[in-house]
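**Student:** Below is one structure. I have some questions about it.
Protein chains: 2
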Amino acid sequence: MQKIESFGEMLRKLREENEMPLRKLAAQLDLDQSTLRKIERKERNANSDQKEKNAKIFKVSKKDLQVNFLSDKVAYELLEEEFGVESLQVAEEKVKY
Amino acid sequence: MQKIESFGEMLRKLREENEMPLRKLAAQLDLDQSTLRKIERKERNANSDQKEKNAKIFKVSKKDLQVNFLSDKVAYELLEEEFGVESLQVAEEKVKY
DNA sequence: CTATATTTGGACATTTTCTGTCAAGAACAA
DNA sequence: TTGTTCTTGACAGAAAATGTCCAAATATAG
Numbered sequence: 148m149q150k151i152e153s154f155g156e157m158l159r160k161l162r163e164e165n166e167m168p169l170r171k172l173a174a175q176l177d178l179d180q181s182t183l184r185k186i187e188r189k190e191r192n193a194n195s196d197q198k199e200k201n202a203k204i205f206k207v208s209k210k211d212l213q214v215n216f217l218s219d220k221v222a223y224e225l226l227e228e229e230f231g232v233e234s235l236q237v238a239e240e241k242v243k244y
Numbered sequence: 148m149q150k151i152e153s154f155g156e157m158l159r160k161l162r163e164e165n166e167m168p169l170r171k172l173a174a175q176l177d178l179d180q181s182t183l184r185k186i187e188r189k190e191r192n193a194n195s196d197q198k199e200k201n202a203k204i205f206k207v208s209k210k211d212l213q214v215n216f217l218s219d220k221v222a223y224e225l226l227e228e229e230f231g232v233e234s235l236q237v238a239e240e241k242v243k244y
């Protein structure tokens with residue numbers, strides 16, 4: 148079974164594969180390194196700009212990053228809530244409109 | 148095809164079917180009537196307490212309310228985002244852990 | 001029509017959450 | 001040691017959520 152990566156794990160893996168220190172990437176993304184770290188650890192959210200830049204820097208598709216980010220966000224939100232999992236199915240129906 | 152109700156619509160329908168004015172329901176839910184109205188219009192969120200009380204007052208299952216509420220929330224969140232719809236599927240995979 | 005009740009929408013202060021920024025300690029390598 | 005990166009907590013200001021009040025608009029009853 149294949150492991151589904153969280154958004155933060157994906158970012159960190161990209162960064163480490165490219166052997167880029169937090170400091171440098173943070174500079175390129177125009178944010179504080181501590182903030183970047185927190186993004187990698189899901190303690191903060193990445194905004195659209197940052198995702199876009201990340202995608203460019205590491206030459207991955209923005210869509211992949213975005214989907215990974217959003218699905219993470221939703222998954223975490225729902226896991227904390229009662230009946231969260233059940234709600235996902237219904238949400239799928241709703242977004243069809 | 149059956150219409151999927153939004154959370155607010157569900158609340159309002161329950162209230163109107165029971166011919167209960169905003170004023171009274173708001174009192175029972177212990178909130179301002181203008182806030183209740185905004186909840187019905189999705190301009191504000193209902194908290195857990197309020198959902199629970201609502202369920203009791205109208206004798207519907209708390210789960211139904213909660214699922215409707217959460218799915219609404221998620222659906223709206225994702226509709227505003229790029230690749231939101233695609234992300235839902237991935238989110239389903241993720242919550243399985 | 002008049003009087004009463006309800007709905008609607010906005011304003012506001014307060015509270016909570018989010019964000020950017022900084023500083024200092026830990027781990028490690030040179 | 002010195003230099004580098006990583007990690008963590010603290011903090012202030014911005015932004016979003018929340019509770020409260022009020023008055024205009026609308027609907028309903030008598």
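As they're listed, the protein sequences go chains X and V. For any residue, its number in the working numbering is found by taking its place in the first sequence, counting from 1, and adding 147. For any residue, its number in the working numbering is found by taking its place in the second sequence, counting from 1, and adding 147. C-beta: ideal position from N, C-alpha, C; glycine also.
When the distance is taken between beta carbons, is X/Ile186 closer than 8 Å to V/Glu240?
**Tutor:** Result no, Cβ atoms of V/Glu240 and X/Ile186 do not sit closer than 8 Å.
**Student:** Do three or more CB pairs link the stretch 179 to 193 of chain X to the stretch 177 to 184 of chain V at distances below 8 Å?
**Tutor:** Taking 8 Å as the limit for Cβ pairs, the verdict is that the stretch 177 to 184 of chain V does not touch the stretch 179 to 193 of chain X.
**Student:** Report the CB separation of X/Ser195 from X/Ala202 in whole angstroms; it is logged as a contact under 8 Å.
**Tutor:** About 11 Å; that fails the 8 Å criterion.
**Student:** Would you list, in sequence order, the uninterrupted beta strand (DSSP E) runs of no fewer than 3 residues that lie entirely inside the stretch 170 to 244 of chain X?
**Tutor:** Listed in chain order, nothing qualifies, since the stretch 170 to 244 of chain X has no complete beta strand (DSSP E) run of 3 or more residues.
**Student:** Compare the C-beta of X/Ser208 against all C-beta atoms of chain V and say whether one is closer than 8 Å.
**Tutor:** With 8 Å as the cut-off, X/Ser208 does not count as an interface residue toward chain V.
**Student:** By how many angstroms is the C-alpha of X/Leu212 removed from the C-alpha of V/Gln175?
**Tutor:** V/Gln175 and X/Leu212: Cα-Cα distance of roughly 45 Å.
**Student:** Which residue from V/Leu225, V/Glu166 and V/Val242 puts its Cα closest to that of X/Glu233?
**Tutor:** Cα-wise, what sits closest to X/Glu233 is V/Val242.
**Student:** Closer than 9 Å, Cβ to Cβ, to anything on chain X: give me those residues from the stretch 223 to 237 of chain V, in chain order.
**Tutor:** So the close ones are Tyr223, Glu224, Leu225, Leu226, Glu228, Glu229, Phe230, Gly231, Val232, Glu233, Ser234, Leu235, Gln236 and Val237.
**Student:** Touching or not, the stretch 216 to 227 of chain X and the stretch 152 to 164 of chain V, by the rule of three or more beta carbon pairs under 8 Å?
**Tutor:** The stretch 216 to 227 of chain X is not in contact with the stretch 152 to 164 of chain V.
**Student:** Give a yes or no on whether 8 Å exceeds the smallest Cβ distance from X/Gln213 to chain V.
**Tutor:** By this cut-off, X/Gln213 is an interface position.
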